[in-house]
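S.K.: Protein chains in written order, with my numbering: chain A, 345 to 824; chain B, 345 to 824.
Glycine residues also receive a C-beta, built at the ideal position from the N, C-alpha and C atoms.
These numbers come from a predicted model, not from an experiment.
Got a structure here, written out as C-alpha cells. Questions coming.
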C-alpha cells in the first residue's frame, strides 16, 4: 500500500483548511459543471462585467495595445488604427517603465503611475496625497491581504468586518490566522451602519481576550449596495481613533453610485476635513481598483492602496514584503494610470471615452432598478435598492417546508434554494451564508451585471422559479 | 503627544519583521538613491532582461496587443501592422476567455492555456500531463508561496533550501512562520549537489524537533548557475521519497542553458522514467515562468505550477486559496500560452521568431563566458562557469584589512565590498549574504544581463575597482 501523502488533507496548514470562499464555492462549481454539460449559465456570482458582455473602453485598450507592441509606433501606418492621443499616452507610460511592460517595476509600482494616482486623489478630495504612500498591487485583493498580513499577529488579533461582508475578508483573516469580529449592518434601514452594534461587538470581543486591531468597511457596499453618509464615516473614524483601531476603507466601487442623495465621499476626505489631531493620527488604508467602475477591467489585475498616517517604518516593512513577489503586473499598473487620468475635454479621444463610460454607468443605474424592483415583485422576497456597487442582496423568506427539505438534503437552506434556482434557470448566485447574515434569515447575492436587454427575461425567469418554489414548499408538510 | 500607532514597527506581525529580502535590500535602495542623484547605475541585482535592453519578441507582443484591442481585428487595415498568424492566434486565445482579457478567468487560469501547457510538458518529457493539475499564477513566485502556505503549519515545519539560495525561499518561509533547513552546494565542484550534506542536515533538523516537509531545488541554479545531472535529480527524488518530503522543483531557467554536456531535464521526466511505486508516490510540484528564458517577460507576471502525485483534496484546497484573489492576470496567462506554443516551421512568423530567440540565447551564452572569465581575471576572485540561468556568483576573498574596515563601518564584509563597488562603478550587485554562503566566505551575485556590447567595459571597470580594493586593503593595517 502506498504511504500516506506528506501533503494529506489532514496534514496541511489548518488555516488553509479552515478558509472558505463562497464566491467560487459549491454553487460556482456546480454551475461550471452544468455549463460543461451544455446548460446556459448566467454567472452572477462574481462582479465580472466583461464576462457578461460589457465592452472595454476603446481609448485605454488602444494605449494598452501600444504598450504591448511599442514597435507599432515606428510604423507609418500606426495612425490608421490608433488615435493620436493613444499614441502619445502609450509613449508617456512606456517612458515611466525601465524597459517596457516586460520589465519588473519597483515593487511598489511605477513611480510615474503612483504620482498620477496621488494627483487624482488630490483632485477628488482636495487634500494632498503622497505617492510614497501609494502602493500598486495585482488587484485590490492583494493589497488588502498585504495590510492584513502586517496587522494580524496571532489568533488573538481581531478585525471588525461588516456582516454581510465580501468573503475576501473572512477568507484572508482565517488564512492569516486572525479572528474575524463581525458587526451587523441594519437591513431594515437599507443596510446602514449600526454604531451601537459596533461598540457592543468590540466590547464582547475584548471580553473574549481579542485585541481589536482593524476595522473594514466597504463603501459602496458589497454585497449590500448601500452608500455610507458622511456622518457615518465620521462616526467610524472617531470610533477607530478612540478605540485604537486601523481603518481599512474598501472603496473599489467609488464610481458605481446609482442615487444622487449621497454621492461617494472618501474616508480620507472625511478624515482630513475633521482637522485637529485625529486627522494626523488615525491610521487609514484605502483601496481602489480598475476592476470595477465603468472600466470593469477585472482580468488586468490592477489595484492600489493609499496609506494615511501609517508609521514610516511600517510602510518600509510593507515595501519589503511586496518585494518578495518582485512587482505587480505592469500592464495592470498602466491601466490604473488610465483610470485616474482619463481623456479630458478637447482631447481627440474624449468624446468617445465620455460616451462609452456614460452609457455603461447609465445602464448600470437602470439595471439596479430593474433588478431590485424585480426581486420585490417576487413572493417572500425583499430587497433594498442597490444604491451603489454591483450587487443585490435580497432576503428570501423561506417557508418551514423549504427549511425541512434543505435539512433532509443535507444543505443549508439558502444553499438549497440557490442550487434549485441554478438547476431551474441557469442563474448562478451565491447563498447569503457565504457573506454572513443574521441567524434565521436567508439571502442570495447576485450581481446587477447581466445586460439590460437580458435582464427583464432573467428576472421573469427568477420570479417563475421563486414563486413556484414558495408555492411548493408552503404546502403542509404531509403533502410534499 | 500623539498616541503610539496600532501598526507600530514593534507591534506588527513578527514574521513580517523577521523576513528579509536582499535582492531589493540595502544595495538596491542605495543604487536607487544614486540613480536619482544622476549616477549611471547598471542594475544587475535582479534578473530583469528588458530593463537591461533585451527587446521583446515580435510575435508574442503582436498577439498580446491584439488581445488588448480586439476591435483592431475588425479594421481592414489590421494586416498592415500585424502578421496573419498573430491575428489568428489572438482570436484563438480570446476565444478561451469568458470576455476578453478584462474578465477574470477561473482562479486556476484559463482552461485552454492549461491544456497547451500540458501538451508542452508532454512533448518535453514524453509523459502525459493533466491540465487539472496545472495552475497559472501571477509569476512563479506566487505559485511557490501558495504551495509553501499549504505545506507549512508552524515553526516546527522545515523546508530544505539550497545554500546559496534564491531569497524568495527564505523570505517566504519566514513570512509563513516555518523553518528554513539549509543544505550546502559544493562550490569547489561547480556548485554541485552534496547528498551527504543533505542527509546530515535532515538528521540535524530532526534532532532539533523539526519535521522536514519540503525540499526546494533550483535547476539551472539561482544564484549559482549550475545544471543538475540526471543522476543528481534521481538522488534527490529517492531521498525525498524515502524521507517523506515534498519536492519543489524551481525550473524557471529551463531554457537558459549555456553548455551542451548536461541539457535541461525536468524532475518530472526523471521521476516518471524511474517507474515503479516511486513514480506514482513522490509528491512533486514544478514551477515555470515567462519571466526568464529568451522571453524575459518579467513585467507580465505569468507563471505556472504543475502538481504530480499531489492528493486530489489538497489540489482542491490550493484551488480554494487561489480563488480568494479571484484570478491571475489574464494577459500573463496568454503569454504563457505563447511561450509553450511558439510559431512552428512553416508559420508566417516562424523565421523572425526563430531568429530573435536564437540571437538572445546565443548572446546570453557569450555573456556567461565573458562574465565568468572576467571575474576569474580579477585578483582574489574565483567564479564557477555560469552553466545556466542568468547569474554569476563569484567568491571574493577579502583580505583581513577589508574585513576590519567593514567591521569599523558597521557593515558585513560582503555588503561593504558591494557598496564600494556600487559607489565606484555604478554596478549594482547583491552581497552573497543575501543568498547564504559558507561561514567565512564572501560572494557577490550579478546577472549576466548587461548587453554584450557593454559587458567588456563593465568587466574592465569591475576589475579596476576590485584590484584597487584588494591592493588598498592588503596593506598592513598600520598603513591604512
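In the structure shown, what three-state DSSP assignment does residue 698 (chain B) receive?
M.R.: In this structure, residue 698 (chain B) counts as helix in the three-state DSSP scheme.
S.K.: Mind checking residue 823 (chain A): buried by the 16 CB within 10 Å criterion, or exposed?
M.R.: Low confidence applies here, because residue 823 (chain A) scores a pLDDT of 47, under 50, leaving its location unreliable; read the following figure in that light. Classification of residue 823 (chain A): exposed, given that the 10 Å Cβ count is below 16.
S.K.: Answer yes or no: do residue 537 (chain B) and residue 524 (chain B) have a C-beta to C-beta separation smaller than 8 Å?
M.R.: Contact flag unset, no.
S.K.: Judging by CA-CA distance, which residue of B:739, B:723, B:787 and B:729 is the nearest neighbour of residue 812 (chain B)?
M.R.: Minimum Cα distance to residue 812 (chain B) is reached at B:723.
S.K.: So what does DSSP say about residue 655 (chain B), is it helix, strand or coil?
M.R.: If DSSP states are grouped into helix, strand and coil, residue 655 (chain B) belongs with coil.
S.K.: Just to confirm my understanding: we take residue 819 (chain B), look at its own chain, exclude 5 residues before and 5 after, and list those with CB closer than 8 Å. What are they?
M.R.: Taken in chain order, the residues that qualify are 745.
S.K.: Looking only at C-alpha atoms, which of A:444, A:670 and A:759 sits nearest to residue 780 (chain A)?
M.R.: Among A:444, A:670 and A:759, the Cα nearest to that of residue 780 (chain A) is on A:759.
S.K.: Give me whichever residues DSSP pairs with residue 771 (chain A) in a beta bridge.
M.R.: Residue 771 (chain A) is bridged to A:386.
S.K.: Using a beta-carbon distance below 8 Å, is residue 394 (chain B) in contact with chain A?
M.R.: Yes, its Cβ sits closer than 8 Å to a Cβ of chain A.
S.K.: Do the stretch 448-461 of chain A and the stretch 417-425 of chain A meet, that is, are 3 or more Cβ pairs less than 8 Å apart?
M.R.: Judged by Cβ distances under 8 Å, the stretch 448-461 of chain A makes no contact with the stretch 417-425 of chain A, as fewer than three pairs qualify.
S.K.: Less than 6 Å between C-beta atoms, sequence neighbours within five positions excluded: which residues of the same chain meet that for residue 348 (chain A)?
M.R.: The answer is none, since no qualifying residue turns up.
S.K.: Check the C-beta distance from residue 636 (chain B) over to residue 734 (chain B) and give it rounded, since I have them as a contact under 8 Å.
M.R.: Residue 636 (chain B) to residue 734 (chain B), Cβ: 7 Å. Contact.
S.K.: For residue 664 (chain A), count neighbouring Cβ atoms within 10 angstroms of its own Cβ and tell me buried if that reaches 16, exposed if not.
M.R.: Residue 664 (chain A) is buried by the Cβ-count criterion.
S.K.: If distances are taken between C-alpha atoms only, which option among B:430, B:601 and B:775 comes closest to residue 692 (chain B)?
M.R.: The shortest Cα separation from residue 692 (chain B) among B:430, B:601 and B:775 belongs to B:430.
S.K.: Check whether the Cβ of residue 415 (chain A) lies closer than 8 Å to any Cβ atom in chain B.
M.R.: Answer yes: the Cβ-Cβ gap between residue 415 (chain A) and chain B drops below 8 Å somewhere.
S.K.: Indicate the three-state DSSP secondary structure (helix, strand or coil) for residue 591 (chain B) in the structure shown.
M.R.: Here residue 591 (chain B) sits in strand by DSSP.
S.K.: Are the CB atoms of residue 457 (chain B) and residue 433 (chain B) nearer to each other than 8 Å?
M.R.: No. Outside cutoff.
S.K.: Closest Cβ-Cβ distance between residue 823 (chain A) and chain B: below 8 Å?
M.R.: Since pLDDT at residue 823 (chain A) reaches only 47, below the 50 mark, its modelled position is unreliable, and no value is offered.
S.K.: Buried or exposed: which applies to residue 501 (chain A), given that a residue is buried once 16 or more other Cβ atoms fall within 10 Å of its Cβ?
M.R.: Its Cβ being crowded by 16 or more others within 10 Å, residue 501 (chain A) is buried.
S.K.: Is residue 557 (chain B) buried or exposed, if buried means 16 or more other CB atoms sit within 10 Å of its CB?
M.R.: It is buried - the Cβ of residue 557 (chain B) has at least 16 other Cβ atoms within 10 Å.
S.K.: Checking the sheet assignment: what are the DSSP bridge partners for residue 536 (chain A)?
M.R.: Answer by DSSP bridge pairing, in chain order: A:530.
S.K.: Can you tell me the Cα-Cα spacing of residue 804 (chain A) and residue 718 (chain A), whole angstroms?
M.R.: Taking the straight line joining both Cα atoms gives about 8 Å.
S.K.: Hey, does residue 683 (chain B) have any beta-carbon neighbour from chain A nearer than 8 Å?
M.R.: No, residue 683 (chain B) does not count as interfacial toward chain A.
S.K.: Tell me which residues share the same chain as residue 593 (chain A) and place their Cβ nearer than 6 Å to its Cβ, disregarding the 5 neighbours each side in the sequence.
M.R.: Contacts found: 611 and 630.
S.K.: Using the Cβ count rule (16 or more neighbours within 10 Å means buried), how would you classify residue 482 (chain B)?
M.R.: Burial call: buried.
S.K.: Once you ignore the five residues that flank residue 574 (chain B) on each side, which residues in its own chain have a CB closer than 7 Å to its CB?
M.R.: The answer, listed in chain order, is 609 and 614.
S.K.: How many Å lie between residue 740 (chain B) and residue 475 (chain A) at the Cα?
M.R.: Approximately 39 Å between the Cα atoms of the pair.
S.K.: Can you find a C-beta in chain A that's less than 8 Å from the C-beta of residue 408 (chain B)?
M.R.: Chain A, which has a Cβ nearer than 8 Å to the Cβ of residue 408 (chain B), makes this yes.
S.K.: Thinking residue 787 (chain B) and residue 654 (chain B) are a contact (beta carbons under 8 Å), I'd like their distance in whole angstroms, please.
M.R.: Contact flag wrong, Cβ pair sits at about 35 Å.
S.K.: Please determine, among A:649, A:446, A:354 and A:415, the residue with the shortest C-alpha to C-alpha distance to residue 489 (chain A).
M.R.: The shortest C-alpha separation from residue 489 (chain A) is found at A:649.
S.K.: Under 8 Å: do the stretch 532-552 of chain A and the stretch 618-626 of chain A share three or more Cβ pairs, one atom per stretch?
M.R.: Not touching, per the Cβ criterion.
S.K.: Using a Cβ-Cβ cutoff of less than 6 Å, which residues in the same chain neighbour residue 466 (chain A) once the five nearest sequence positions on both sides are dropped?
M.R.: Hits under 6 Å: 472 and 473.
S.K.: Just the C-alpha distance for residue 661 (chain A) and residue 487 (chain B), rounded to the nearest angstrom, thanks.
M.R.: The alpha-carbon atoms of residue 661 (chain A) and residue 487 (chain B) are separated by roughly 22 Å.
S.K.: Considering only the beta carbon of each residue, do residue 484 (chain A) and residue 632 (chain A) sit closer than 8 Å?
M.R.: Contact: yes.
S.K.: Where residue 766 (chain A) and residue 817 (chain A) are concerned, what is the direct C-alpha to C-alpha distance, given to the nearest angstrom?
M.R.: Rounded to whole angstroms, residue 766 (chain A) to residue 817 (chain A) spans 17 Å at the Cα level.
S.K.: Start and end of the alpha helix (DSSP H) containing residue 631 (chain B)?
M.R.: Unbroken run through residue 631 (chain B) is the beta strand (DSSP E), 628-633; no alpha helix (DSSP H).
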